[in-house]
Amino acid sequence: MTRGRSSYHRAVAATNREAILGAAAQLFLEFGYDRTPLARVAERAGVSKATLFKQFPTKAELFEATVLAAGGSPAPEPVEIPTGDLYAGLVVLGRAYSELLTRPRMVALMRTVIAESHHFPELRERTFDFGTLPVLQALGRYLREAHSAGSADIDDPDLASAQFLGMIASAIFWPRLTHGTWSITKEEQSRAVDEAARTIAARFATP
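FYI, the numbering for the sequence shown is 1 to 207, going by the UniProt record's numbering.
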């Protein structure tokens, strides 16, 4: 019986947490950090203030959890990465990264982080890669495996990863972040990924 009640309470807590984070994301994006009282978050989530405070004692903790959760959800679909062809593998990973960067909430959330970072500057470090971490990890593994297999000569996989993703982000994400009316087509996104993959492959792929 105790085990059953424990499972039930865990399920209720998880449901409440999801509702709180969803409500907080809407309110933070709509009103900003300063103008979002916790009582309003609880009301919109349909939970008591006591329930909210039990999971998130401060607004700073709630904001951080909201940014990290919203940026990483939904999780990216697993991708099949071809081996033996550095360029082809980079294209697959680059497209996955592009899909993450162009999610509707990604730019809005990053703007919120920038606007509110003076409240807690450590959030910028913790959220710099929010939502993109699975792709970053997959890319790092892929480059290390390519180096070990001899299909690429990459002494510093972390630097190569940063160069590759930086080229993509500079083409499809940062202009949108700084210019509200800027847009990019799917074809242009694909071309940006392709050019970045060709550049890295030309530099590191072995004959």
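In this text, a Cβ means the ideal position worked out from N, Cα and C, and glycines have one as well. Quick caveat: nothing in here was measured; it's all calculated off a predicted structure.
Exposed or buried, which one is Y8 when buried takes at least 16 other CB atoms within 10 Å?
Here residue 8 is taken as the residue at index 8 of the sequence shown, counted from 1. Its Cβ having fewer than 16 others within 10 Å, Y8 is exposed.
Check whether the stretch 136 to 143 touches the stretch 54 to 62, taking contact to mean three or more Cβ pairs, one atom from each stretch, closer than 8 Å.
As far as the Cβ criterion goes, the stretch 136 to 143 does not touch the stretch 54 to 62, which means the pair count is below three.
Since P104 is in the alpha helix (DSSP H), which residue starts that stretch and which ends it?
One-based indexing of the sequence shown puts residue 104 at position 104. Taken as a continuous stretch (DSSP letters only), the alpha helix (DSSP H) holding P104 covers 104 to 116.
Beta-carbon within less than 7 Å of A108's beta-carbon, same chain only, minus the 5 sequence neighbours each way: which residues are those?
Within the sequence shown, residue 108 is the residue found at index 108, counting from 1. These residues qualify, in order along the chain: L29.
Roughly how many whole angstroms lie between the Cα atoms of L114 and A197?
Start at 1 with the first residue of the sequence shown, and residue 114 comes out as number 114. Start at 1 with the first residue of the sequence shown, and residue 197 comes out as number 197. A quick correction: the sequence has Ile, not Leu, at residue 114. A197 has its alpha-carbon roughly 29 Å from the corresponding atom of I114.
Alpha carbon to alpha carbon, what distance is there between Y97 and R203?
Sequence index remark: in the sequence shown, residue 203 carries index 203 (1-based). Sequence index remark: in the sequence shown, residue 97 carries index 97 (1-based). Here the alpha carbons of Y97 and R203 stand approximately 20 Å from one another.
Could you give the distance in angstroms between the alpha-carbon of R191 and the alpha-carbon of A14?
As a first step, residue 191 must be located in the sequence shown, where it is residue number 191. As a first step, residue 14 must be located in the sequence shown, where it is residue number 14. Going by the C-alpha atoms only, they are around 41 Å apart.
With distances taken between CB atoms, is the gap from N16 to T66 smaller than 8 Å?
Your numbering for residue 16 matches position 16 in the sequence shown. Your numbering for residue 66 matches position 66 in the sequence shown. Not closer than 8 Å, so no.
Quick one: is V91 buried, meaning 16 or more other Cβ sit within 10 Å of its Cβ, or exposed?
As a position in the sequence shown, residue 91 is number 91, starting the count at 1. Within 10 angstroms of the beta-carbon of V91 lie 16 or more other beta-carbons, which makes it buried.
Report the option in Y33, I20, G94 whose CA atom is closest to the CA atom of D194.
Position 194 of the sequence shown holds residue 194. Nearest option by C-alpha distance: G94.
A146 to L86, Cα distance in whole Å?
Here residue 146 refers to the residue found at position 146 of the sequence shown. Here residue 86 refers to the residue found at position 86 of the sequence shown. Rounded to whole angstroms, A146 to L86 spans 7 Å at the Cα level.
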